[in-house]
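Visitor:
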Amino acid sequence: MKIDVARCRDELDGLSIDQLRMRYEKVFGEVSTSRHRTFLIKRILWKMQANVYGGLSYKALKRASELADPTELRMIAPSSPPPPRDGRKVSRSLPARVTSNQSDLVPGTQLERMYKGQRILVTIMDNGVRWNGELYRSLSAVAKEVTGTHWNGKLFFGITKKKVKNAKAKK
C-alpha cells in the first residue's frame, strides 16, 4: 500500500485546528497539546508514512535517545502568559526599571578627575551630565568621549571601586 503525501497534505490543509487535533489523536492514539497548524500537519503526515513504510529503525531510535539531552529541557514555564485564543491583542505593561544607584548623584554635584594631564570637571544635571559646555546623557558617555573607549562612568570618576571576583585560594 502506498500513500499519496501531496493528496494527504492538501486534505490536511483544509482542516481546522480542532479537526487536525482530532486527526492527530486518531493517528497517534493520544491527545495533542499543540495548536500549531504546521506542526500538527507535519506530525500527522510523518506518522501516516511511518505506518505505511515503517518508522525509525531500532538503531535510529537508540541514537536519537542518546542525542536527546534532558538537561536542555525547559523545566520552568515562561514568565509571560500565552496570548488569548480569541484573537484580541493584550498589551502588557512592563515594570519600570529602577536601580538603587540612580539617585546617588544629586543634580548640581561636580566630579573632577585628572586624565592624561587633562582636568575633567563634570556637573550632574537633571537630564544628564554637562562637560565642556555640552550635555551628555551619562557619566559613561563623558568617559567614552574623553578616553575613546567604553568605561563605566562611576568607575572612571572614582565613585565606585572595581569589584574583584572571589578566587578560590590556590594550594
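When the letters of the sequence shown are read in order and numbered with UniProt numbering, they come out as residues 1 to 171.
Idealized CB from N, CA, C, for every residue including glycine.
Only a predicted model underlies this, so the values are computations on that prediction, with no experimental measurement involved.
So, under 8 Å CB-CB, I124 and L155 are touching, yes? Tell me the CB distance rounded to an integer number of Å.
Guide: As a working note, residue 124 is residue 124 in the sequence shown. As a working note, residue 155 is residue 155 in the sequence shown. So it is not a contact: roughly 16 Å between Cβ atoms.
Visitor: Under a Cβ-count criterion, where at least 16 other Cβ atoms within 10 Å of its own Cβ denotes burial, should S138 be classed as buried or exposed?
Guide: In the sequence shown, the residue the question calls residue 138 occupies position 138. Exposed, by the Cβ-count rule.
Visitor: Taking the alpha helix (DSSP H) that T38 belongs to, which residues open and close that run?
Guide: Stepping through the sequence shown from its first residue, residue 38 is reached at position 38. Element bounds for T38: R37 to Y53.
Visitor: Roughly how many angstroms separate the alpha carbons of V5 and L45, rounded to a whole number?
Guide: The residue you call residue 5 lines up with position 5 of the sequence shown. The residue you call residue 45 lines up with position 45 of the sequence shown. Spanning the two alpha carbons is a distance of roughly 7 Å.
Visitor: For L40, count neighbouring C-beta atoms within 10 Å of its own C-beta (all shown protein chains included) and say buried if the count is 16 or more, exposed if not.
Guide: As a position in the sequence shown, residue 40 is number 40, starting the count at 1. By the neighbour-count rule (16 or more Cβ atoms within 10 Å), L40 is buried.
Visitor: Taking G133 as the reference, give the member of K2, K162, V122 and L20 with the closest Cα.
Guide: Position 133 of the sequence shown, counting from 1, holds the residue named residue 133. The candidate whose alpha carbon is nearest that of G133 is V122.
Visitor: Quick check on the DSSP output: the alpha helix (DSSP H) that includes E134 runs from which residue to which?
Guide: Along the sequence shown, read from residue 1 onward, the residue named residue 134 stands at position 134. No alpha helix (DSSP H) contains E134, which is instead part of the beta strand (DSSP E) from E134 to Y136.
Visitor: Where T160 and G153 are concerned, what is the direct C-alpha to C-alpha distance, given to the nearest angstrom?
Guide: Within the sequence shown, numbered from 1, the residue matching residue 160 stands at position 160. Within the sequence shown, numbered from 1, the residue matching residue 153 stands at position 153. Those two C-alpha atoms are separated by around 9 Å.
Visitor: Determine the direct distance from the alpha carbon of D86 to that of L94, and round the result to whole angstroms.
Guide: Taking the first residue of the sequence shown as position 1, residue 94 is located at position 94. Taking the first residue of the sequence shown as position 1, residue 86 is located at position 86. With a pLDDT of 46 at L94, under the threshold of 50, the modelled position of that residue is not reliable, and the figure given next carries that caveat. Going from the Cα of L94 to the Cα of D86 covers about 23 Å.
Visitor: Bridge partners of V31, per DSSP?
Guide: To locate residue 31, count along the sequence shown from 1; it is residue 31. BP columns for V31 are empty, so no partner.
Visitor: What is the rounded straight-line gap between the Cα of L15 and the Cα of R35?
Guide: Here residue 15 refers to the residue found at position 15 of the sequence shown. Here residue 35 refers to the residue found at position 35 of the sequence shown. Going by the C-alpha atoms only, they are around 13 Å apart.
Visitor: Between which two residues does the alpha helix (DSSP H) carrying L61 extend?
Guide: Within the sequence shown, numbered from 1, the residue matching residue 61 stands at position 61. Run containing L61: Y58 to L67, per the alpha helix (DSSP H) assignment.
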